[in-house]
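Residue numbers (my numbering), protein chains in the order written: chain A, 5 to 473; chain B, -14 to 170.
All C-beta atoms, glycine included, are put in the ideal place defined by N, C-alpha and C.
No experiment lies behind these values; they were computed from the predicted model shown.
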Amino acid sequence: MSQIPTTVFDKVWDSHVVRKIEDGPDVFFIDRHFIHEVTSPVAFLGLESRGLKVMFSEKTFATADHNTPTINQHLPVQDPLSANQLKALETNSSKYGISHWGLGNPKNGIVHVVGPENGITLPGMTIVCGDSHTSTHGAFGAIAFGIGTSEVEMVLSSQCIMQPKPKKMRINVNGKLGKGVTPKDVVLYIIAKLTAAGATGYFVEYAGDVFENMSMEGRMTVCNMSIEMGARGGIIAPDETTFAYIKGREKAPKGEAWDKALAYWKTLKTDAGAKFDQEHTFDAADIEPMITYGTNPGMGLGITQHIPSAQATGSGKASFEKSLNYMGFHEDESMLGKKVDYVFIGSCTNGRIEDFRAFASIVKGRKKADHVTAWIVPGSHIVEQQIREEGILDILTDAGFQLRQPGCSACLAMNDDKIPAGKYAVSTSNRNFEGRQGPGARTLLASPLVAAAAAVTGVVTDPRVLMAD
Amino acid sequence: MPMPIENVDTDQIIPARFLKATERKGFGDNLFRDWRYENDNTPKKDFVLNNPIYSGKILVAGKNFGSGSSREHAAWAIYDYGFRCVVSSFFADIFKNNSLNIGILPVQVSAEFLDKIFTAIEADPKAEVEVNLPEQTITIIATGESEKFDINSYKKHNLQNGYDDIDYLQAMKSEIQSFAAKSMY
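So, in structure tokens, the structure goes:
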């Protein structure tokens, strides 16, 4: 008996379709729903105006992260609008019996950091959140993607959303990554190759030995940025690395339930011969530390390269020029040596312990450049604790850096962590859109190693020159 | 309203600092905030929304409109400002879903047809463009040029009848309940 070969994405998607609508979307069942303070209040208002209840409150988890301050979290939140949203999340969670990790809770942190580190995120699940970087959880072999507030209301009231099944793309990266090349560089490289809209309409599976040999933290960084090339999400088939990461975490299955779950998770592979609508293959040896020069994440290049021309990128001339004007850059310039005013390490992209280890590896024995303002923001209190326990805090303090408290922070500048107009920030976050880090702010996306090299030299610097062989 | 800019992301449509309301109202005031206003809140003269020569309920934009953040606030801001239809040669997935969910029609046209619309508006800022949902056509009135657009029949039916997905899902609660009972999670 031979079955049609299928992908890990098909296996998880097809097992969650409650009903198929002819010439319409699938009614798609959701296993885990994360909510935060910014995109949920209107959904709860919607429930109330329709007189609906939350169908499965135990499948939804609330955490405060988007507009929370990263200093003095023990004090009342100063901004009344932010405080109001945080209060609404707390009140709604309590009213509907939803688990809520608000400010001050030891489990609090960025939603896409705390889900995995507490064992809420598991292989084979469908996971949504009113946040596009929900794609992060695909690192576990889950189908995870961002939704709008109307869909948040759907999940709360019926545990389902209406989704057309996306097309399938596989991206293979094979070989061995060079010195100083991190998962962030791999994904920035892929986005630069495919462009910021290159995977729109697709769900991406990442395959090849580069991802097989990558840690869970690294896989999360890669899947996190799937949305930056327009993809609905990214997925990596679960393996021993995945299972070892999950085992023993607070909400992970235990005992017999673990054995049963593990047996199922091991079936979540893409079969040989499975068909994709599009496939791309890259060589790890071609990737160097990356940095962006423009105003979308597809405008990235190897740190030793020169800024290309509009023609070379295939983008419209007017849009390309608008972007370079905003950044204050010109075609054919080198990125190396450009002055940096701010450095931000953190976010759901690079706010995990490995990211701070990488940052500290460069900073150790050096000093922060005097003119650089650095914001070092752990993704969660658990990450913050690890930073202390591993001695990373001492390295940072000796070099003149301060550690802040967890939250989304300067990634989207909803709190006070805003880059001033015209200033340049090397940022480990995920978006370099105009004004993303504050009105007029100029963002250079990069890895924690590139961020650290900029923080100690004060200019865009190839981290490999600061690394031991 | 013509906006021939590519990759208009949701941070441009509505910057994050304006997402702090707990009710869905007033977002139209901050639509394209940083392109529309100077720091001191005076309107930027060269921005299309501030040019009184243009008007209408159809926003026509360059390719890859609505990329980035999943914030439905972007669609709310466009709706609240008064647009009911966005035309582009390419839309980001989440923005497209959000628009359909709140009653904005995203019309995806070919790159050639998009150019024709921009050319028509350039020739006459009052040029009319008609979007016909039942027929699934978009027409430049002055030239009579027309193109078909896609929308699945489920969403089309919803838009035409004022239904939404929540109504649909509420009507199948028992089916969802039995599905959930079999879930291992």
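query	result
Of the listed residues A/321, A/43, A/106 and A/365, nearest to residue 80 of chain A (C-alpha basis)	A/106
Separation of residue 131 of chain B from residue 7 of chain B, as counted between CA atoms	41 Å
Residues near residue -14 of chain B in its chain [Cβ-Cβ closer than 8 Å; skip 5 each side]	33, 34, 39, 40, 41, 43, 44, 45 and 68
C-beta atoms of residue 396 of chain A and residue 364 of chain A nearer than 7 Å	yes
Interface positions of the stretch 138 to 158 of chain B facing chain A (Cβ-Cβ less than 8 Å), listed along the chain	138, 139, 140, 149, 150, 151, 153, 154, 155, 157 and 158
Every unbroken alpha helix (DSSP H) inside the stretch 295 to 348 of chain A [4 residues or more]	314 to 317 and 321 to 331
Contacts of residue 9 of chain B in chain A (Cβ-Cβ under 7 Å)	46
Nonlocal neighbours in the same chain, by C-beta distance under 7 Å from residue 143 of chain B, ignoring five residues either side	149
Where the beta strand (DSSP E) through residue 237 of chain A begins and ends	237 to 239
Run of the beta strand (DSSP E) containing residue 91 of chain B, from where it starts to where it stops	90 to 93
Of the residues A/438, A/237, A/203 and A/350, the one placed nearest residue 326 of chain A, counting alpha carbons only	A/438
is_contact[residue 234 of chain A, chain B] using C-beta, thresh 7 Å	yes
Rounded separation between residue 164 of chain B and residue 25 of chain A - CA only	16 Å
Outcome for residue 11 of chain B when other beta-carbon atoms lying within 10 angstroms are tallied against a minimum of 16	exposed
Expected contact under 8 Å - CB spacing of residue 344 of chain A and residue 460 of chain A to nearest Å	Rounded, the Cβ-Cβ distance is 11 Å, inconsistent with contact.
Residue environment, residue 5 of chain A, which counts as buried when at least 16 other CB atoms sit within 10 Å	Low confidence applies here, because residue 5 of chain A scores a pLDDT of 46, under 50, leaving its location unreliable; read the following figure in that light. Residue 5 of chain A is exposed by the Cβ-count criterion.
6 Å Cβ shell around residue 50 of chain B - same chain, five flanking residues per side excluded	-7, 73 and 76
For residue 148 of chain A and residue 83 of chain B, the rounded distance between their alpha carbons	17 Å
7 Å Cβ cutoff, residue -10 of chain B in contact with chain A	yes
Nearest neighbour of residue 155 of chain B, chosen from A/51, A/331, A/304 and A/378 [CA to CA]	A/51
C-beta neighbour in chain A for residue -13 of chain B, strict 7 Å	no
DSSP state of residue 208 of chain A mapped onto helix, strand, coil	strand
Rounded C-alpha distance that separates residue 18 of chain B from residue 258 of chain A	50 Å
Start and end residues, beta strand (DSSP E) containing residue 148 of chain A	147 to 150
Residue 381 of chain A, DSSP secondary structure in three states	coil
Supposed contact pair residue 56 of chain B and residue 417 of chain A - C-beta distance, whole angstroms, cut 8 Å	Rounded, the Cβ-Cβ distance is 14 Å, inconsistent with contact.
Cβ distance (whole Å) where residue 41 of chain A is taken to contact residue 90 of chain A below 8 Å	5 Å
Cβ of residue 86 of chain B within 7 Å of any chain A Cβ	yes
Within-7 Å CB hit, residue 5 of chain A to chain B	Here residue 5 of chain A scores only 46 on pLDDT, less than 50, and its place in the model should not be relied on; the value that follows carries that caveat. Output row for residue 5 of chain A: interface = no.
Proximity winner among A/32, A/409, A/466 and A/464, relative to residue 71 of chain A (alpha-carbon distances)	A/409
Residue 189 of chain A, buried or exposed, once every other Cβ within 10 Å from all chains shown has been counted against 16	buried
For residue 54 of chain A, three-class secondary structure by DSSP	helix
Chain A within 7 Å of residue 5 of chain B, Cβ atoms only	yes
Own chain, CB closer than 6 Å to residue 202 of chain A, minus 5 neighbours either side, in chain order	233
Per-residue DSSP class, three states only, for residue 450 of chain A	strand
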